[in-house]
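In the working numbering, the protein residues as written are -19 to 714.
No residue lacks a Cβ here, since even glycine has one placed at the ideal position from N, Cα and C.
Note sheet for the following structure.
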Ligand SMILES: Cc1cc2nc3c(=O)[nH]c(=O)nc-3n(C[C@H](O)[C@H](O)[C@H](O)COP(=O)(O)O)c2cc1C
């Protein structure tokens, strides 16, 4: 609930002000170049560094007939207005040490004048200034709501700077750059608001009321300006400008306009006649001006430039995200009241909707009356037979924004008896994997009217493969054969260029376990790394199946395959003989490569999930200590792999092979049980910078993660998620 308030405010403010923000950011980009360009052009002109007012005044008096004005620019260069020996009035930059002319004053380039007017007032005078001020305020509030969203995303303020988990590119980049530019943007907007308040005279620039000390208004003892103590004590860098006496009347004085005060000085004796500090609000204004324009510092101006560019990026990425969320818009052919099948969707960023819409189409094709709704819209469905819930999890195991009221609504809504099935969408990158789906299941199981049709199924990282497994199960219990769902990544895989590979070896089908191995060779084979995926479509009109590959030392691809009764692809691969060819493409899977450097590696796999590890151990030439836990029904399943694993053990490229056979003895032993026995090895691996890699089924993955999570709590300094974020836990499960 709270998350949605922040998100809606963030979005609503951004939508309502994005045009003004765009103009302000674009012109801001142009204006940020001005101080950078100036710094470049004026680099040869000396600054006020190490010069006192006394030195500058005396050199000026020596060089010119009269000095009318002296001012110090925000980038610390000194400008003077003087009467030259020839009697001409001249304005230029001076060298404050020598008093000599150091450079010409240049007029501002037109592009900056244009950009400045647009930036300040949109060429609409007061009205424009008002809108720009308001835009600044809105952008400030957008930044603050963004800050809250980042904290919520990172799950706590302490984890604000922790690694951001990459869910999808736009969301990741929006958060990453948001965090990076948050402080500059808050400063830009706050200072913008403050300057607008001065513009509209909510705050006013003060006129300091000086009271001259009458007793000091005298001409003696007369001193040279170079000897005035106040001039000697004041560094030129503290000066903004100096007003010179209008006449030689003792009542006329020098006025030093310093950064924080004004000082009036007797022109004959150098006595301080009056000194007044600027009030805080004036200092705040000046600081705002300098911060907002970057005129005092080219480096800060560069930060402002990047921040203005980032604002444009946030507009683009923000709209991409919003558009993606809206992509899930639901179209219903049937009314809720007439539908027998209701699909409820819990989604935060919209990516669960395509799965639900696919399911809706599949069911409608079998003649069912289907209604799709967001979970929060749960109501009484008079003809309900099956309730199908597809939901993501957010925050720290919380409900997505459109499902946060579901549990309450479910408790309050009367419903006849119905069957239900739940698919949880989540990511193993989060410690509370699919937690909300489990919460919903727990709630439904409490109800007397809801009967489970299937066990809860979880889908990691929107895996189409995993969803299709569920779809098949659902089709089986519902008596129809669904078409396989294809998401963007499986479509991309399909669009990827296919290459030809030749079967150069294969093992016979191991009858007991229905597994076999194939070795492939092809022009493209050399570009693979163990852990990459080979995308194979058994027929041109079917979707790709992904196989995790192991590379042998001859750069040939090893596939380990389980033959499924109804598995089109595994049947096709099993039909291949040595010399046959197949078309396939490569999907890089960099996040599952053997680490180039690590203290040690622990590999965990079940069944054919061993394939990438078969390649990795063969390439472990550095002999990084590596342990392999492998689960299967019994030792006969190991036959295929023995000829790779045994030599690797002998050569020490594999330190230990720890099998877990679930049907070899009376008591079932699973891979997670073996891990429990070796918890010290695992704990040391995490603590001392080793890497744990898991490959195989999601069921095994879940069980293993539970064990790892527990052992981290008892034996390690941090939670499992900490090591995962540090890249010490790599997974490729399906
Ligand atoms: C900020 C954030 C927090 C998340 N928290 C969890 C979580 O606690 N548990 C989980 O399994 N998945 C979590 N996920 C992953 C999403 O549930 C997953 O990507 C899901 O497929 C997104 O579906 P949607 O686009 O329909 O919202 C999180 C994702 C993000 C961006």
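Cα separation between residue i and residue j?
i           : j           : result
residue 581 : residue 575 : 8 angstroms
residue 289 : residue 153 : 14 angstroms
residue 166 : residue 19  : 25 angstroms
residue 59  : residue 38  : 15 angstroms
residue 384 : residue 407 : 19 angstroms
residue 272 : residue 172 : 7 angstroms
residue 484 : residue 558 : 5 angstroms
residue 231 : residue 49  : 18 angstroms
residue 161 : residue 248 : 53 angstroms
residue 41  : residue 209 : 17 angstroms
residue 508 : residue 460 : 39 angstroms
residue 270 : residue 176 : 14 angstroms
residue 792 : residue 562 : Residue coverage of the chain in this structure runs from -19 to 714, which leaves residue 792 outside it and unanswerable.
residue -19 : residue 354 : Because the pLDDT of residue -19 is 45, which lies under 50, any placement of that residue in the model is unreliable, and the question is left without a value.
residue 110 : residue 351 : 49 angstroms
residue 641 : residue 517 : 32 angstroms
Please find out if some non-hydrogen atom of ligand 1 comes closer than 7 angstroms to the beta-carbon of residue i.
i           : result
residue 376 : yes
residue 372 : yes
residue 388 : no
residue 447 : no
residue 413 : yes
residue 443 : no
residue 94  : no
residue 159 : no
residue 698 : no
residue 109 : no
residue 465 : no
residue 405 : yes
residue 701 : no
residue 330 : yes
residue -13 : no
residue 327 : yes
residue 380 : yes
What does the Cβ neighbour count give for residue i, buried or exposed, with the cut at 16 atoms within 10 Å?
i           : result
residue 291 : buried
residue 318 : exposed
residue 23  : exposed
residue 267 : exposed
residue 125 : buried
residue 566 : buried
residue 120 : buried
residue 106 : exposed
residue 73  : buried
residue 100 : buried
residue 656 : exposed
residue 87  : exposed
residue 598 : buried
residue 535 : exposed
residue 71  : exposed
residue 89  : exposed
residue 285 : buried
residue 201 : exposed
residue 207 : exposed
residue 233 : buried
Can you list, in chain order, the residues of its chain whose CB lies under 7 angstroms from that of residue i, leaving out five sequence neighbours each side?
i           : result
residue 450 : 403, 437
residue 26  : 75, 76, 77, 82
residue 293 : 157
Here's a check: name, in chain order, each residue in its chain whose Cβ is nearer than 6 angstroms to the Cβ of residue i, leaving out the five neighbours to either side.
i           : result
residue 688 : 700
residue 145 : 409
residue 569 : 511, 512, 513
residue 92  : 14
Is it the case that the CB of residue i approaches a heavy atom of ligand 3 more closely than 7 angstroms?
i           : result
residue 302 : You won't find ligand 3 in this model; what it holds is ligand 1.
With residue i and residue j assumed to form a contact (beta carbons below 8 angstroms), what rounded beta-carbon distance in angstroms separates them?
i           : j           : result
residue 376 : residue 660 : Rounded, the Cβ-Cβ distance is 29 angstroms, inconsistent with contact.
residue 620 : residue 495 : 7 angstroms
residue 584 : residue 674 : 5 angstroms
residue 453 : residue 400 : Residue 453 to residue 400, Cβ: 14 angstroms. No contact.
residue 287 : residue 164 : 4 angstroms
residue 578 : residue 671 : 5 angstroms
residue 537 : residue 588 : Not confirmed; about 14 angstroms, so no contact.
Under 8 angstroms Cβ to Cβ from residue i, same chain only, skipping five residues before and after it: list those, please.
i           : result
residue 638 : 607, 608, 609, 610, 654, 658
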